[in-house]
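J.:
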Amino acid sequence: MLLLTEIEKVIPISKEMDVATRKKFVKRKVFKTESLHETGKIARELFFIEEGLIRIFYHNDSGKDITYGFYTEGDFVTVPESFYTQSASKYHMETLEEGLIYAISYTELNLLLHDFPEMQRFENKTLQSFLLKASERIVALQFLSAEERYDTLMETQPSIIRRAPLGTIASYLGITQETLSRIRNKKKSLFDLDQKRIA
Numbered sequence: 001m002l003l004l005t006e007i008e009k010v011i012p013i014s015k016e017m018d019v020a021t022r023k024k025f026v027k028r029k030v031f032k033t034e035s036l037h038e039t040g041k042i043a044r045e046l047f048f049i050e051e052g053l054i055r056i057f058y059h060n061d062s063g064k065d066i067t068y069g070f071y072t073e074g075d076f077v078t079v080p081e082s083f084y085t086q087s088a089s090k091y092h093m094e095t096l097e098e099g100l101i102y103a104i105s106y107t108e109l110n111l112l113l114h115d116f117p118e119m120q121r122f123e124n125k126t127l128q129s130f131l132l133k134a135s136e137r138i139v140a141l142q143f144l145s146a147e148e149r150y151d152t153l154m155e156t157q158p159s160i161i162r163r164a165p166l167g168t169i170a171s172y173l174g175i176t177q178e179t180l181s182r183i184r185n186k187k188k189s190l191f192d193l194d195q196k197r198i199a
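Quick note: the sequence shown uses full-length UniProt numbering, first residue 1, plus one each step.
#1: Distance check for residue 116 and residue 34, CA to CA, integer angstroms please.
#2: Going by DSSP in three states, residue 2 sits in which element: helix, strand or coil?
#3: Taking all protein chains shown into account, decide if residue 31 is buried (16 or more other Cβ within 10 angstroms of its Cβ) or exposed.
#4: Inspect the beta-carbon positions of residue 177 and residue 166 and report whether they are closer than 7 Å.
#5: Taking one C-beta from the region 33 to 48 and one from the region 84 to 93 each time, how about it: are there three or more such pairs within less than 8 Å?
#6: Relative to the C-alpha of residue 173, which residue among 119, 159, 162 and 142 is closest?
#7: By the DSSP assignment, the alpha helix (DSSP H) with residue 64 in it spans what residues?
#8: Shortest alpha-carbon distance to residue 119 belongs to which of 2, 5 and 12?
#9: Give me, in chain order, the residues of the same chain whose beta-carbon lies closer than 6 Å to that of residue 87; leave out the 5 immediate sequence neighbours on both sides.
#10: Count the C-beta pairs between the region 54 to 64 and the region 122 to 136 that are closer than 8 Å, then say yes if the count reaches three, no if not.
#11: For the alpha helix (DSSP H) holding residue 138, just list the boundary residues, first then last.
#12: Could you compute how far the alpha carbon of residue 100 sits from the alpha carbon of residue 47?
#13: Give me the Cα-Cα distance between residue 20 and residue 63, rounded to the nearest whole angstrom.
#14: With a threshold of 16 other CB atoms inside 10 Å of the CB of residue 67, please say whether the residue is buried or exposed.
#15: So, at 7 Å on beta carbons, what are the nonlocal neighbours of residue 146 in its own chain, with the 5 sequence-adjacent residues on each side left out?
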């Protein structure tokens, strides 16, 4: 079970913790474009992705759809500021592929943490991951060029380039779809040129 493998990277798992975790995380099959959380509502669940691709997005003042983040296999995902404070969210969460996830409610997670205090270390690691991802996105938008942002995405989440719709990738990078297409074509041309030189 990938979920337990990820937890065990941070803390050892006892038999009792194994049983409790399997019981409290509910397995769920999801379909493409399925909504997991809606704007204006409280995020009640934390998800672990066994298979599939999920994105978090919001709508700006002009109503444009802006992708905040992509999450793939092995990732935990929720709207953290809503889930951990149990307050209404400005974000929406949806699947981009059919997949398999495990869900735990806010209440059940707190019960798990109460019964196994050592799991607090793992939750702290998850929170750090959310914060780091948010910080990296802010830095990229403020200090990197469009092409550098694309290169960073290629380095950190290469599967997104193949799996996510171009429009969602463009909005995540803070560029138009046309600019994204130009960058991709440039990269392809350089790659083709390198291949010819090698040949």
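Ideal placement from N, C-alpha and C gives every residue a C-beta, glycine not left out. All values derive from a computational prediction rather than experimental measurement.
T.: Answer, in terms of the structure:
#1: About 32 Å.
#2: In the three-state scheme derived from DSSP, where H, G and I count as helix and E and B as strand, residue 2 is classed as helix.
#3: Taking every protein chain shown into account, the CB of residue 31 has fewer than 16 other CB atoms within 10 angstroms, so this residue is exposed.
#4: Between residue 177 and residue 166, the gap from beta carbon to beta carbon is short of 7 Å.
#5: With three or more CB-CB distances shorter than 8 Å, the region 33 to 48 counts as touching the region 84 to 93.
#6: Of 119, 159, 162 and 142, the residue nearest in Cα terms is 142.
#7: Careful: residue 64 lies outside any alpha helix (DSSP H) and carries neither H nor E.
#8: The option with the nearest alpha carbon to residue 119 is 12.
#9: Once the five neighbours on either side are set aside, residue 87 has no close Cβ partner at all.
#10: No: fewer than three Cβ pairs fall under 8 Å.
#11: Taken as a continuous stretch (DSSP letters only), the alpha helix (DSSP H) holding residue 138 covers 119 to 143.
#12: For residue 100 and residue 47, the distance between alpha carbons rounds to 10 Å.
#13: Approximately 43 Å, taken between the alpha carbons.
#14: Taking all protein chains shown into account, residue 67 has 16 or more neighbouring C-beta atoms within 10 Å of its C-beta and is therefore buried.
#15: So the list reads 173, 175, 179 and 183, once near-sequence residues are dropped.
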